[in-house]
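Read through the structure below, which is laid out as structure tokens, and then see the notes.
Written as structure tokens, this is what we have:
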């Protein structure tokens, strides 16, 4: 097994509703979906984001789209309309998720 | 055989580009062009404009969008549906009639949909506010606006009356697209499966270019052809609620499984339970098939009965945001920026700003991803200090940028490019209202 950043094997999009952010995650290769389900758990994502997420993280699975959807509660105080952050939407947070490391089998090529 | 129902999206947010909507009207072979132009706080700002002038309070760029699209409504029978009415759909109707006259456009009917403004009703009910645990009356004179998210059925009378241009205020985004599906395909109002499927297509369309290659490209991994000419999307909607997402011929961008998958889950929490005024949509068994040529077939979304209550977004005054920025470059840039940040923080605290209302961040280093970026990347060659602070009074908010600017003469070496800004903060809170208490109406004007 070797460690890679999620960025190398998956793509992602962030959206916001109030102080909650949702981040979807899709493998480039469909057969990486199970690996993501096993390793990118709600708990792992909560721990990865650390102080950026004050509340809980919930994960939803959509196998027909090979997609995972993470709901991160409490990301930007006040939400888009009154958050102090440069990025009040939290749109860049998808690339924060893609910084997470996962293990993939050694022989797998990048972005297959 | 019945003509295929083709619905385009002409805007995905208030300030969206206008040219791609014109391209859709011209070459998209569509019958409906729907514009989503109303962010949550936009309506509160519009409400304040209306209070100052009863003839205003409609959406930003209404004039430009109408001037661009009305000729196609008159000439080709295109139907334009939008939430450009913002806080004042009747004023938007009058303005649109004026624009039609000035362009010499005649023979079309324009409708304004009202009823989303529920401020008086909520105050008389003293409705609960979700986020505060209090009630709407507790908000006192901070409360600016209360608008219920109307559903597709609020738009149907205007379609039945033959309106070519339909101007609403707050309507749930996918409902703008679902209304013509219900009207053209004669779907039953409790056909939850079809309403759920149509909502999936509406959701895919509602952010315009976000499904055709915008908010997607990442060179080397997710390349998008001619993103500068990105076309806005079209849904071809079948009677059973399945459909094809595509875009206008000859435009840039891409409609792929990846763009469509990302957009289907955009701003969604539980994919099996997406609440709209029309239906509890279930996207969890959606399948997508690449038909080639920027055409993605979407099937399998379903639905369950709609919620009894409508969501209401409350616009609330929350004082002001003051901001200041200044850059440091070269060796030691991050250390100098950090020293500058500490200095401003201390000076603001001495002015009496509570620490929890102040944010200090370093653009180019950690502003967007915090410690996730600090851990992963080398120090930047230039870094920009940004300080932001909430304040009740405008004068206090101004001090934030002034303290940052003062770093030129009173801070670390080599500062450059200071900028300062303030703006009023309008927060958004949530309430709910029994849908039976929301009475929608239609005002019609013919030219």
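Residue numbers (this note's numbering), protein chains in the order written: chain A, 4 to 115; chain B, 456 to 902.
Ideal placement from N, C-alpha and C gives every residue a C-beta, glycine not left out.
Note that this is a predicted model, so its numbers are computed, not measured.
Kindly list the residues whose CB is nearer than 6 angstroms to the CB of residue i, restricted to its own chain and excluding five residues on each side of it in sequence; keep chain order.
i             : result
residue 690/B : 462, 656, 660, 698, 700
residue 103/A : 9, 51
residue 521/B : 551, 554
residue 829/B : 821
residue 890/B : 765
residue 501/B : 512, 541, 542
residue 703/B : 478, 479, 482, 483, 686
residue 106/A : 4, 6
residue 744/B : 752
residue 802/B : 858
residue 614/B : 638
residue 718/B : 659, 665, 666
residue 582/B : 591, 886
residue 878/B : 776
residue 28/A  : 13, 15, 71
So what does DSSP say about residue i, is it helix, strand or coil?
i             : result
residue 16/A  : strand
residue 783/B : strand
residue 103/A : coil
residue 34/A  : helix
residue 474/B : helix
residue 853/B : helix
residue 817/B : strand
residue 456/B : Model confidence at residue 456/B stands at a pLDDT of 44, short of 50, so the residue's coordinates are unreliable and nothing is read from them.
residue 604/B : coil
residue 524/B : helix
residue 921/B : Outside the displayed span of chain B (456 to 902) sits residue 921/B, for which this structure offers no information.
residue 846/B : strand
residue 535/B : strand
residue 7/A   : strand
residue 515/B : coil
residue 115/A : Residue placement at residue 115/A is flagged as unreliable, the pLDDT there being 46, under the threshold of 50; a coordinate-derived value is accordingly withheld.
residue 492/B : coil
residue 509/B : coil
residue 558/B : coil
residue 745/B : strand
residue 902/B : coil
residue 791/B : helix
residue 972/B : Residue coverage of chain B in this structure runs from 456 to 902, which leaves residue 972/B outside it and unanswerable.
residue 894/B : coil
residue 78/A  : coil
residue 865/B : helix
residue 701/B : strand
residue 731/B : coil
Excluding sequence positions up to five away, which residues of its chain have a Cβ less than 8 angstroms from the Cβ of residue i?
i             : result
residue 685/B : 475, 664, 667, 668, 669, 679, 706, 707, 708
residue 677/B : 671, 713
Residues of chain B with CB closer than 9 angstroms to the CB of residue i, please, in chain order.
i             : result
residue 46/A  : Going along chain B, no residue has its Cβ under 9 angstroms from residue 46/A, so there is no contact; the nearest lies around 17 angstroms.
residue 88/A  : 814, 816, 822, 823, 843
residue 106/A : Here the premise fails: no neighbours, minimum Cβ distance about 18 angstroms.
residue 99/A  : 823, 824, 825, 827, 828
Am I right that residue i and residue j are in contact with their C-beta atoms under 8 angstroms? What's the rounded C-beta distance?
i             : j             : result
residue 767/B : residue 885/B : 7 angstroms
residue 577/B : residue 565/B : Between residue 565/B and residue 577/B the Cβ distance is about 29 angstroms, and since that is not below 8 angstroms, they are no contact.
residue 881/B : residue 770/B : 5 angstroms
residue 795/B : residue 840/B : 5 angstroms
residue 605/B : residue 570/B : 7 angstroms
residue 43/A  : residue 61/A  : That belief does not hold up - the Cβ atoms of residue 43/A and residue 61/A are roughly 13 angstroms apart, past 8 angstroms.
residue 722/B : residue 20/A  : 6 angstroms
residue 651/B : residue 754/B : Contact doesn't hold; Cβ gap of about 12 angstroms is too wide.
residue 710/B : residue 749/B : 4 angstroms
residue 892/B : residue 568/B : In fact, because the Cβ distance is near 17 angstroms, the residues do not count as touching under 8 angstroms.
residue 95/A  : residue 720/B : Not quite, the Cβ-Cβ distance comes to about 17 angstroms (not below 8 angstroms), so this is no contact.
What residues of chain A sit near residue i, judged by a beta carbon separation below 9 angstroms?
i             : result
residue 724/B : 20, 23, 25, 61, 63, 72, 74
residue 773/B : 81, 84, 85
residue 721/B : 16, 17, 18, 25, 27
residue 670/B : 16, 94
residue 713/B : 14, 29, 31
Only counting the same chain, and skipping five residues up and downstream in sequence, which positions put a Cβ closer than 7 angstroms to that of residue i?
i             : result
residue 894/B : 570
residue 694/B : 640
residue 629/B : 654, 657, 658, 661, 731
residue 816/B : 822, 841
residue 866/B : 795, 798
residue 65/A  : 72
Please list the partners that residue i has in chain B, where partner means a Cβ-to-Cβ separation under 8 angstroms.
i            : result
residue 95/A : 823, 824
residue 54/A : 825, 826
residue 68/A : 716, 719, 720, 741, 742, 743
Applying a beta-carbon distance threshold of less than 8 angstroms, which residues of chain A neighbour residue i?
i             : result
residue 891/B : Residues of chain A passing the Cβ test: none, with the nearest at roughly 26 angstroms.
residue 807/B : Ordered by position in chain A, no residue passes the 8 angstroms Cβ test against residue 807/B, which lies about 18 angstroms from the chain.
*asked:* Quick check for students: name the residue ranges of the alpha helix (DSSP H) that lie wholly in the stretch 612-682 of chain B, counting only runs of 4 or more.
replied: Annotation note: the stretch 612-682 of chain B contains the following uninterrupted alpha helix (DSSP H) runs of length 4 or greater, listed N- to C-terminal: 628-640, 647-660.
*For the stretch 565-609 of chain B, which segments carrying the alpha helix (DSSP H) assignment without a break, of at least 4 residues, lie completely within its bounds, in sequence order?*
The stretch 565-609 of chain B contains, as complete alpha helix (DSSP H) runs of 4+ residues, the segments 574-580 (chain order).
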